[in-house]
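Engineer: Going down the list, the sequences are from chains A and B. To convert a position in the first sequence, counted from 1, into this note's numbering, add 21. To convert a position in the second sequence, counted from 1, into this note's numbering, add 21.
There are 2 protein chains.
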Amino acid sequence: MKQIRRKQIIRTGTTVEQMVRAIADMIVTGVMHPGERLDELSLAVRFDVSRTPVREALRELGAMGLVDREPNRSAVVANVTEAYLHSMFEAMSELEAICARLAAERMTVDERHALELEHRASARLVHANAQEDYAAHNTEFHTRLYRGAHNDHIYEMVTQTRARLAPFRRAQFRLPGRLAKSYDEHDVIVTAIMRGDAAAASQAAFSHVAIVSDASIVFASDKAE
Amino acid sequence: MKQIRRKQIIRTGTTVEQMVRAIADMIVTGVMHPGERLDELSLAVRFDVSRTPVREALRELGAMGLVDREPNRSAVVANVTEAYLHSMFEAMSELEAICARLAAERMTVDERHALELEHRASARLVHANAQEDYAAHNTEFHTRLYRGAHNDHIYEMVTQTRARLAPFRRAQFRLPGRLAKSYDEHDVIVTAIMRGDAAAASQAAFSHVAIVSDASIVFASDKAE
DNA sequence: AGCGCGTAAACTGTATGCAGATTGCAATCT
DNA sequence: AGATTGCAATCTGCATACAGTTTACGCGCT
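#1: Within 10 angstroms of its Cβ, does B:His134 collect 16 or more other Cβ (buried), or is it exposed?
#2: Enumerate in chain order the residues of its own chain whose CB-to-CB distance from A:Gly217 is below 8 Å, with the five nearest sequence positions on each side excluded.
#3: Does the beta carbon of A:Arg76 come closer than 9 Å to any beta carbon on chain B?
#4: Just to confirm my understanding: we take A:Thr180, look at its own chain, exclude 5 residues before and 5 after, and list those with CB closer than 8 Å. What are they?
#5: Would you list the one or two residues that DSSP bridges to B:Ala96?
#6: Using only CA atoms, which one of A:Asp46, A:Asn150, A:Pro55 lies nearest to A:Arg199?
#7: Report yes if the CB atom of A:Ile48 is closer than 9 Å to the CB atom of A:Val88, and no otherwise.
#8: Just to confirm before moving on: does the CB-CB distance between A:Glu137 and A:His158 stay below 9 Å?
#9: Whole-angstrom Cβ separation of A:Val247 and A:Gly56, contact assumed at under 8 Å?
#10: Check the Cβ of B:Arg80 against every Cβ in chain A and list those closer than 7 Å, keeping chain order.
#11: Taking a cut of 7 Å between CB atoms, which residues from the segment 92-119 of chain B lie near chain A?
#12: Determine the direct distance from the alpha carbon of B:Leu116 to that of A:Ala219, and round the result to whole angstroms.
#13: Whose C-alpha, out of A:Met53, A:Arg67, A:Ala65, A:Ala78, is nearest the C-alpha of A:Thr35?
#14: Let me know the alpha helix (DSSP H) ranges lying completely inside the segment 126-154 of chain A, each 4 residues or longer, listed in chain order.
#15: State the DSSP-derived secondary structure class of A:Asp89, mapped to helix, strand or coil.
#16: Taking the alpha carbon of A:Glu111 as the reference point, which residue from B:Arg67, B:Phe189, B:Val37, B:Asp173 has its own alpha carbon closest?
#17: In three-state terms, what does DSSP make of A:Arg27?
#18: Quick one: what's got a C-beta closer than 6 Å to B:Ile30's C-beta in the same chain, skipping five residues either side?
#19: Have a look at A:Met178 and A:Ser63 and give me their C-alpha separation to the nearest angstrom.
#20: For the segment 165-177 of chain B, which residues have a beta carbon sitting closer than 9 Å to at least one beta carbon of chain A?
#21: Return the first residue and the last residue of the alpha helix (DSSP H) that B:Asp208 is part of.
#22: Counting only C-beta atoms, is B:Met128 closer than 9 Å to chain A at any point?
#23: Under a CB-based cut-off of 9 Å, is A:Val147 close to chain B?
#24: Need the endpoints of the alpha helix (DSSP H) that A:Arg42 sits in, please.
#25: Kindly list the residues whose CB is nearer than 7 Å to the CB of A:Arg221, restricted to its own chain and excluding five residues on each side of it in sequence; keep chain order.
#26: Using a Cβ-Cβ cut-off of 6 Å (strictly less than) and excluding sequence neighbours within five positions of B:Tyr176, which residues of its own chain qualify?
#27: Would you verify that the beta carbon of A:Met40 is, or is not, closer than 9 Å to some beta carbon of chain B?
#28: In chain order, what residues of the same chain lie with their CB nearer than 7 Å to the CB of A:Pro74, ignoring the 5 residues before and after it?
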């Protein structure tokens, strides 16, 4: 049985990482409610590990802002209110706008070319309504944008914010017609970047993310019930 | 709100928090060099604790991006190169610009009033060349700006970035004439915000931080030698 | 001499035990 | 009855012990 556990760890990461993901999911999907206590022993029993990895996982979740910790107290689920969610989506728009602006100014010829290719290739996925594949393309597309800004710290912030929002955004491409609209919005961004129009790229990226945000927040509040 | 509480906890040191700060300082001040290994036992001996708190501190430092961790490997000092530092200062300018813009649009009457008072009060410190006190005022001033944006996630990002840059910025007010210039720059920001001119506030905040960055980076590269 | 291979040392990951802090309850006092 | 203090159960913080993994070195083989 030790063997089995080891295999799973190899497959999905270390024990602690697994727990971080599992607990993060529970918090973010509303299985656990804000203020709910996360006592170490219960979690240890639940995941069939000792308290040590549980403590490390809680510390990491604390750093991620998903749980609040105070000395000698149980960690509690942080209040990821709808207001806070909204602030994250808004921040995402702002960050994406910055990336697009900087990308328009700084991307190398190769990067521009790759971005355009990536974008063009996705047209096929839209026609096929291949939601899974389009989602993968979408991630890649935005990642190229972030990298194109040539600023490591901004890249870090935007990817972290994106990761935290991921659970709330999962279903957006299921909305009818969203794929085609997303493609069109990407198109505006790409065009602006290709001609080095920083202001237009920034504006287009801002709107694009704002639209995604609206769709996702609806989804999130559905889920909260 | 939540953020403030967490900050205070950081100030109130448990063993782990103390270690996090101590190690972070060593990394950021160049006492430890990028790539240098942080093996758990050595640190435990050095701080005269067991490996358990060391591990938790390293995990937190990993989440902060100051050390890189891989399974079954020593944590190593992350590469906080001058390039990365530069990217953080640039990000700081961008974030501050966003905050100023949003603040100009969203600050309540009370917030605007408090900001102006805080700013006016600092004039006295400039004349007295009270560097320590002005630094405290400066922190307060910028914090008000960040809060004024009314976006918790952006507040979190900007304060975190600011915290990571703090060690590099400490000496900036010692530069001759910097206090008066800082005051003037603040003045432009405040004026723009008071009349709700988002674009002007944003522009002024961006320049202000860019200037601080330049001064600090000079200082940082001095220190690196 | 160079190349594997195996073994041991060093180190990380996890479990468990103990000490101190906190909380809730209950018995006592006002 | 309500408040208060003391005690017990519970939980966190840290130390120590053990298991599994990686790394480095030396030995033998070609």
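All C-beta atoms in this analysis are idealised placements derived from N, C-alpha and C, irrespective of residue type, glycine included. All of these numbers come straight from a predicted model, not from anything done at the bench.
Structural biologist: Well, looking at it:
#1: Translated into the one-based positions of the second sequence, residue 134 of chain B becomes position 113. When all chains shown are included, B:His134 counts as exposed.
#2: As a position in the first sequence, residue 217 of chain A is number 196, starting the count at 1. If we look at A:Gly217 and ignore the five residues flanking it on each side, its Cβ neighbours are Ala125, Glu126.
#3: Locating residue 76 of chain A in the first sequence gives position 55, counting from the first residue. With 9 Å as the cut-off, A:Arg76 counts as an interface residue toward chain B.
#4: Position 159 of the first sequence holds residue 180 of chain A. Closer than 8 Å at the Cβ level, and outside the excluded window around A:Thr180, lie Thr164, Tyr167.
#5: Along the second sequence, read from residue 1 onward, the residue named residue 96 of chain B stands at position 75. DSSP lists B:Leu59 as partners of B:Ala96.
#6: To locate residue 199 of chain A, count along the first sequence from 1; it is residue 178. For A:Arg199, the closest C-alpha among the options A:Asp46, A:Asn150, A:Pro55 is that of A:Asn150.
#7: Mapped onto the first sequence, residue 48 of chain A falls at position 27. Mapped onto the first sequence, residue 88 of chain A falls at position 67. Yes, these two residues count as a Cβ contact at 9 Å.
#8: To locate residue 137 of chain A, count along the first sequence from 1; it is residue 116. To locate residue 158 of chain A, count along the first sequence from 1; it is residue 137. No, the pair does not count as a contact, with Cβ atoms beyond the cut-off.
#9: Past the boundaries of the shown model lies residue 247 of chain A; chain A is included only from 22 to 246, so the question cannot be answered.
#10: Residue 80 of chain B sits at position 59 when you count from the first residue of the second sequence. B:Arg80 reaches chain A at Glu77, Arg80, Glu81, counting residues in chain order whose Cβ is nearer than 7 Å.
#11: Pro92, Tyr105, Ser108, Met109, Glu111, Ala112, Glu115, Ile119
#12: To locate residue 219 of chain A, count along the first sequence from 1; it is residue 198. To locate residue 116 of chain B, count along the second sequence from 1; it is residue 95. Cα to Cα, the separation comes out at about 17 Å.
#13: To locate residue 35 of chain A, count along the first sequence from 1; it is residue 14. Of A:Met53, A:Arg67, A:Ala65, A:Ala78, the residue nearest in Cα terms is A:Ala78.
#14: Counting only unbroken stretches of 4 or more residues, the alpha helix (DSSP H) elements lying wholly within the segment 126-154 of chain A are 130-149, in sequence order.
#15: Here the question's residue 89 of chain A lines up with position 68 in the first sequence. In the structure shown, A:Asp89 sits in a strand (DSSP, three-state: E or B).
#16: Start at 1 with the first residue of the first sequence, and residue 111 of chain A comes out as number 90. Of the candidates B:Arg67, B:Phe189, B:Val37, B:Asp173, the one whose C-alpha sits nearest the C-alpha of A:Glu111 is B:Asp173.
#17: Residue numbering aside, residue 27 of chain A sits at position 6 when the first sequence is read from its first letter. A caution first: A:Arg27 carries a pLDDT of 32, below 50, which makes its placement in the model unreliable, though a value can still be read off. Of the three classes helix, strand and coil, the one that applies to A:Arg27 here is helix, per DSSP.
#18: The residue labelled residue 30 of chain B in the question sits at position 9 within the second sequence. Annotation note: pLDDT 29 at B:Ile30 (below 50); position unreliable, coordinate value reported separately. If we look at B:Ile30 and ignore the five residues flanking it on each side, it has no Cβ neighbours.
#19: On the first sequence, position 157 is the one that residue 178 of chain A refers to. On the first sequence, position 42 is the one that residue 63 of chain A refers to. Pairing A:Met178 with A:Ser63, the inter-Cα distance amounts to about 33 Å.
#20: Within the segment 165-177 of chain B, those residues whose Cβ lies closer than 9 Å to any Cβ of chain A are, in chain order, His171, Asn172, Asp173, His174, Ile175, Tyr176, Glu177.
#21: What you label residue 208 of chain B is simply residue 187 of the second sequence in a count that begins at 1. Looking at the DSSP string, the run of the alpha helix (DSSP H) that includes B:Asp208 is 199-215.
#22: Reading the second sequence from its first residue, position 107 is the one you call residue 128 of chain B. No, no contact with chain A.
#23: The residue labelled residue 147 of chain A in the question sits at position 126 within the first sequence. No - not a single Cβ of chain B is within 9 Å of the one on A:Val147.
#24: Taking the first sequence and counting its residues from 1, one reaches residue 42 of chain A at position 21. Segment 36-49, the alpha helix (DSSP H) holding A:Arg42.
#25: Reading the first sequence from its first residue, position 200 is the one you call residue 221 of chain A. The amino acid occupying residue 221 of chain A in the given sequence is Ala; Arg does not appear at that position. The residues are Ala213.
#26: Translated into positions along the second sequence, residue 176 of chain B becomes position 155. Sequence-distant Cβ neighbours of B:Tyr176 in its own chain, meaning closer than 6 Å and more than five residues away, are Tyr167.
#27: Your numbering for residue 40 of chain A matches position 19 in the first sequence. False, the Cβ-Cβ gap to chain B never drops below 9 Å.
#28: What you label residue 74 of chain A is simply residue 53 of the first sequence in a count that begins at 1. Excluding sequence neighbours, A:Pro74 sits near Thr36, Val37, Met40.
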